[in-house]
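Trainee: Note that the numbering used here has the sequence shown beginning at 99, numbered continuously upward.
Glycine is no exception: its CB is placed at the ideal position from the N, C-alpha and C atoms.
Fair warning: this is a prediction, and the values are worked out from it, not measured in the lab.
Dropping a structure here in structure tokens format, bear with me for questions.
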Amino acid sequence: MELTAERDTKQAMLFSFKRTCPRCGKGHMFNGYLAVSPECSNCGLDLKHQRADDGPAYLTIVIVGHLLVPLFVPAYKAWDLHPAVMATVFSTLAVALSLILPPASKEL
Ligand SMILES: [Zn+2]
């Protein structure tokens with residue numbers, strides 16, 4: 099496959115959210131949780147230039163904050179749940195989203 103060939107952006111983003119190579123969708127993009135592989139194990143695409151620094155952490159904070167904080171008061175008023183249940187549910191959601199989002203946002 100030619101290195102400079104145009105690729106479908108939606109398909110590349112879908113592959114990236116699946117943590118696979120944005121070009122072929124078969125090779126692994128990460129060595130670990132956030133460590134990017136130097137190259138795709140399937141097609142050899144150079145991935146070592148994927149540097150995001152603190153971007154994924156900031157993006158995760160923004161997304162989690164903007165999703166959960168506006169839902170907290172309406173959820174409390176609508177369902178009248180015990181505060182301990184609210185704290186448990188929203189804490190679990192915050193932790194789950196905070197673990198899921200950084201690898202996905204690193205690929206953006
Ligand atoms: Zn590949």
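Can you look up H147 in the DSSP assignment and give me helix, strand or coil?
Mentor: Correct three-state label for H147: coil.
Trainee: Say whether the segment 165-183 touches the segment 109-124, bearing in mind that this needs 3 or more beta-carbon pairs closer than 8 Å, one atom from each stretch.
Mentor: Flag = no, the segment 165-183 and the segment 109-124 do not touch.
Trainee: Report yes or no: do three or more beta-carbon pairs, one from the segment 149-158 and one from the segment 194-203, lie closer than 8 Å?
Mentor: Yes, they touch.
Trainee: Going along the chain, which residues of its own chain have a beta-carbon closer than 6 Å to the beta-carbon of K146, five neighbours each way excluded?
Mentor: Same-chain partners within the cutoff: P136.
Trainee: Check whether the Cβ of R117 sits closer than 6 Å to any heavy atom of ligand 1, and report yes or no.
Mentor: No, the beta carbon of R117 sits no closer than 6 Å to any heavy atom of ligand 1.
Trainee: So, helix, strand or coil for H164, using DSSP?
Mentor: Of the three classes helix, strand and coil, the one that applies to H164 here is helix, per DSSP.
Trainee: Would you mind sorting V183 into buried or exposed? The rule is 16 or more other CB atoms within 10 Å of its CB.
Mentor: Per the 10 Å Cβ criterion, exposed.
Trainee: Could you spell out where the alpha helix (DSSP H) holding M184 opens and where it closes?
Mentor: Run containing M184: P181 to K204, per the alpha helix (DSSP H) assignment.
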